[in-house]
Structure formats: C-alpha cells, structure tokens
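Q: My numbering puts the first residue of the sequence shown at 79, with every later residue one more than the last.
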Amino acid sequence: MSHSQHEAIPYTTEVREDTGLYNGKLGMWLFLASEVMLFGGLFSAYVFLRLGARPGEWPHGLLNIPIGTFNTLVLITSSLTVAMSWTALKLGDFQTYRKYQLVTLACAVGFLAIKSFEYYDKFTHYEVWLKAPLAAGEHPGLAGHAAAPDAEVPSVIGHVEGVGPFETLASLEEAGATSITIHPDKYHYRLTAWQQAERTMKEASMEGGSAGAEAHEGLTIELSKIARLSALVPRHSTFFACYFTLTALHALHVAGGIVAFAWLLWPGARMWREEPERYTNRIEVTGLFWHFVDLVWIFLFPTLYLL
Numbered sequence: 079m080s081h082s083q084h085e086a087i088p089y090t091t092e093v094r095e096d097t098g099l100y101n102g103k104l105g106m107w108l109f110l111a112s113e114v115m116l117f118g119g120l121f122s123a124y125v126f127l128r129l130g131a132r133p134g135e136w137p138h139g140l141l142n143i144p145i146g147t148f149n150t151l152v153l154i155t156s157s158l159t160v161a162m163s164w165t166a167l168k169l170g171d172f173q174t175y176r177k178y179q180l181v182t183l184a185c186a187v188g189f190l191a192i193k194s195f196e197y198y199d200k201f202t203h204y205e206v207w208l209k210a211p212l213a214a215g216e217h218p219g220l221a222g223h224a225a226a227p228d229a230e231v232p233s234v235i236g237h238v239e240g241v242g243p244f245e246t247l248a249s250l251e252e253a254g255a256t257s258i259t260i261h262p263d264k265y266h267y268r269l270t271a272w273q274q275a276e277r278t279m280k281e282a283s284m285e286g287g288s289a290g291a292e293a294h295e296g297l298t299i300e301l302s303k304i305a306r307l308s309a310l311v312p313r314h315s316t317f318f319a320c321y322f323t324l325t326a327l328h329a330l331h332v333a334g335g336i337v338a339f340a341w342l343l344w345p346g347a348r349m350w351r352e353e354p355e356r357y358t359n360r361i362e363v364t365g366l367f368w369h370f371v372d373l374v375w376i377f378l379f380p381t382l383y384l385l
C-alpha cells in the first residue's frame, strides 16, 4: 500500500473531534473494556468459590511465593521499559526505543519461561490423601507437614519416586504398583502463606543439622492405605482449577504481547521510516495492552499466592 493510500485512512494519526482519540487508541480502550469484563467475571467467580469453601477445604501454601514475587518484578520492569520506549520514539530516538523494547521483549519471554518452570513443578508434585491420618511424630519427614509435632497429618505433599505427571491411584494400581515413596517437602495442605514463610525461615536456620537431614527422608506408603492422590493440576481441587484457568489465560495474553512486540521491532519497523507518527501510535496502543497485562498479574499474584 502506498504512502498516499495510508493517508486516505482518517484518524490514524490525527485525533477524532468526538472522542479526542485517534482510532487505534479508541479501539484499544474498547478492547480493554471487554478484557476487564472477562477477567472481572473470572475474579468474581474465584472470590465466590473461595468464600463458599468449607473450613479446611481450600489449599494454602502450595504456590511458590518467591518465584511469584520475582515474576511480578519482571512484569513491572517490562511495563517501565515499554513506557520508556514510547517516550524515546516521541523524541525521535529510534535506537533508544529499540533498546528499551528489546528489554521489554526479554522480560516477557522470561516471565513465560519462569511460569513454565512453575507449571512443571506442579505437574510433578503430588498430594496423597490417606485413609487414616498419620501422626507427625511417627516419622521425622512429616515434622514439617504439621502445625505441631503431635498433630495428625491427613495428607502428604511431595515428589513421588518413579511417578510421572497426571497419574491417579487407579492408573498406579493398573500398572501393578503396591506402594509409593514420597519425598516430603516443606508445604502442607492447611498452611497459610504466612505460616509457610515462618516455617521456611525456621527450617533454614536448622540446615546442616540432624533435623534438616531427617526432613528429607522418603516416606513409603502402601496403595491400600491411600484414599486418593493427585498432582497439583486442575483436578486436584477447585483452587488449582481456578489457578490454571486464570494464569494460563494471562499467559496467553503475555504470548500475544510477545508476538506484537517482535513484529513491531523487526518487520513492522519499516513504518518508522515512512510514517513515524503512525508507528509511534502503534507502540502506544501496544503499550496500553501491556500495562493491562501487567495490572492483571498484580491482582492475580496476591489473590492466588498470598490470600
């Protein structure tokens, strides 16, 4: 399409008198309004499910708070750099824009890479519900799974030796297994995020001692004593069904942002030579979308990881 044909399209750079916005920006705000309704409905559903859960049913302390915090900082950094890249274009400095946009793209890819690692950890992490609760004092490895040493442990959470993702009790029985061996970790089904952090600090102070070594002993359980087992996947609980729905939808938005940033950085960059103002506007509307993606995660992180 020639330069003259581009100019024939109204309101690509000049603002509309009725809205005070050029068409691209108006379209993005309308799109973001629909996104608010989408995520607003999902957040509302999560809140009602959370409030309606019976005491003790909603899992706590099963998400990696340090990794979630780091990913939050990665996205906040990307929002800063995408704003600075647009500012550079407004000043006519394309090279500075490109540097900031490359950082934005790197942060977006890094966010998905970290989230992939977090997903894989959930796929290989199992909760095993027992037909009869165990006393924490009967096994040193269970000491980190109970609020008190003499507490009863209805379920154990950890990595199961020789068991891949998405196994069930029925599939293990069909494979001829008679028992499983679990490496108990530091998180228990009924701990809040703050209790998890408190116990993690306590255990860190005991590293290198006998208590730390005992905590990593395996726990062998016969299948006949297991009521149910599940990896930390959507079928595990309503919480993880919500977690994967919300975070996977958010990850799809991040992936969409990566595609847009990559296209604007390379094949789409030739517009800067022909129509710099129109190209700058494209960066602005893409930045608006990215700020929304960042804002959604800022709500997701405390809702899922901390509350």
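Glycine is no exception: its CB is placed at the ideal position from the N, C-alpha and C atoms.
Give the range of the beta strand (DSSP E) segment to which residue 237 is assigned.
A: What you label residue 237 is simply residue 159 of the sequence shown in a count that begins at 1. Its beta strand (DSSP E) spans residues 230 to 238.
Q: How would you call residue 364, buried or exposed, if buried means at least 16 neighbouring beta carbons within 10 angstroms?
A: Taking the sequence shown and counting its residues from 1, one reaches residue 364 at position 286. Buried is the call here.
Q: Decide yes or no for the touch test of the stretch 162 to 174 against the stretch 189 to 200: beta carbon pairs closer than 8 Å, at least 3 of them.
A: The answer is no - the stretch 189 to 200 does not touch the stretch 162 to 174, with fewer than three Cβ pairs under 8 Å.
Q: What residue ranges within the stretch 309 to 338 form continuous alpha helix (DSSP H) runs of no fewer than 4 residues, ordered along the chain?
A: none
Q: Between the C-alpha atoms of residue 170 and residue 338, what's the straight-line distance to the nearest angstrom?
A: The residue labelled residue 170 in the question sits at position 92 within the sequence shown. The residue labelled residue 338 in the question sits at position 260 within the sequence shown. Roughly 21 Å between the two C-alpha positions.
Q: State the beta-bridge partners of residue 206 as determined by DSSP.
A: The residue labelled residue 206 in the question sits at position 128 within the sequence shown. Its beta-bridge partners are 234 and 307.
Q: Under three-state DSSP, which class holds residue 251?
A: Counted from its first residue, the sequence shown places residue 251 at position 173. Correct three-state label for residue 251: helix.
Q: Return yes when the Cβ of residue 377 is within less than 8 Å of the Cβ of residue 121, no when it is not.
A: Taking the first residue of the sequence shown as 1, we reach residue 121 at position 43. Taking the first residue of the sequence shown as 1, we reach residue 377 at position 299. Cβ distance < 8 Å, so residue 121 and residue 377 count as in contact.
Q: Is the distance from the Cβ of residue 156 to the Cβ of residue 368 below 8 Å?
A: Here residue 156 corresponds to residue number 78 of the sequence shown, with the count starting at 1. Here residue 368 corresponds to residue number 290 of the sequence shown, with the count starting at 1. Closer than 8 Å, so yes.
Q: Assuming residue 147 and residue 181 form a contact by the criterion Cβ under 8 Å, report the distance between their Cβ atoms to the nearest whole angstrom.
A: The residue labelled residue 147 in the question sits at position 69 within the sequence shown. The residue labelled residue 181 in the question sits at position 103 within the sequence shown. Going by Cβ atoms, the distance from residue 147 to residue 181 rounds to 20 Å, so no, they are not a contact pair.
Q: Looking only at C-alpha atoms, which of 90, 249, 102 and 106 sits nearest to residue 370?
A: Start at 1 with the first residue of the sequence shown, and residue 370 comes out as number 292. Out of 90, 249, 102 and 106, 106 has the C-alpha closest to the C-alpha of residue 370.
Q: Can you find at least 3 beta carbon pairs, one from the stretch 296 to 305 and one from the stretch 328 to 345, that sit closer than 8 Å?
A: no
Q: Distance check for residue 328 and residue 100, CA to CA, integer angstroms please.
A: For the purposes of this step, residue 100 is taken as the residue at position 22 of the sequence shown. For the purposes of this step, residue 328 is taken as the residue at position 250 of the sequence shown. Each residue's Cα considered, the two are about 27 Å apart.
Q: Can you tell which of 141, 330 and 144 has the C-alpha that lies nearest to the C-alpha of residue 374?
A: Taking the first residue of the sequence shown as 1, we reach residue 374 at position 296. Nearest C-alpha to residue 374: 330.
Q: Less than 8 Å between the beta carbons of residue 251 and residue 310, yes or no?
A: Translated into positions along the sequence shown, residue 251 becomes position 173. Translated into positions along the sequence shown, residue 310 becomes position 232. Cβ distance not < 8 Å, so residue 251 and residue 310 don't count as in contact.
Q: Quick check: the Cα distance between residue 313 and residue 319, rounded to an integer number of angstroms?
A: Position 235 of the sequence shown, counted from the first residue, corresponds to residue 313. Position 241 of the sequence shown, counted from the first residue, corresponds to residue 319. Straight-line measurement puts the Cα of residue 319 at about 7 Å from the Cα of residue 313.
Q: Applying the criterion that 16 or more other CB atoms from any shown protein chain within 10 Å of the CB defines a buried residue, is residue 87 buried or exposed?
A: The residue given as residue 87 occupies position 9 in the sequence shown. Exposed.
Q: Would you call the stretch 199 to 213 in contact with the stretch 229 to 238, where contact means no fewer than 3 C-beta pairs closer than 8 Å?
A: Contact between the stretch 199 to 213 and the stretch 229 to 238 is present, with at least three C-beta pairs closer than 8 Å.
Q: If I measure Cβ to Cβ from residue 185 and keep anything under 8 Å in the same chain, skipping five residues before and after, which residues do I get?
A: Numbered from its first residue, the sequence shown carries residue 185 at position 107. Contacts found: 152, 153, 155, 156 and 159.
Q: For residue 204 versus residue 307, is the C-beta spacing smaller than 8 Å?
A: Translated into the one-based positions of the sequence shown, residue 204 becomes position 126. Translated into the one-based positions of the sequence shown, residue 307 becomes position 229. The answer is yes: Cβ separation under 8 Å.
Q: Among all the DSSP beta bridges, which residues are the ones paired with residue 214?
A: The residue you call residue 214 lines up with position 136 of the sequence shown. Residue 214 pairs with nothing; no bridge assigned.
Q: Check each candidate in 362, 379 and 381 and name the one with the smallest Cα separation from residue 90.
A: Counted from its first residue, the sequence shown places residue 90 at position 12. Among 362, 379 and 381, the Cα nearest to that of residue 90 belongs to 362.
Q: Between the Cα of residue 235 and those of 179, 321 and 138, spot the shortest distance and give me the residue it belongs to.
A: For the purposes of this step, residue 235 is identified with residue 157 of the sequence shown, where counting begins at 1. Answer by Cα proximity: 138.
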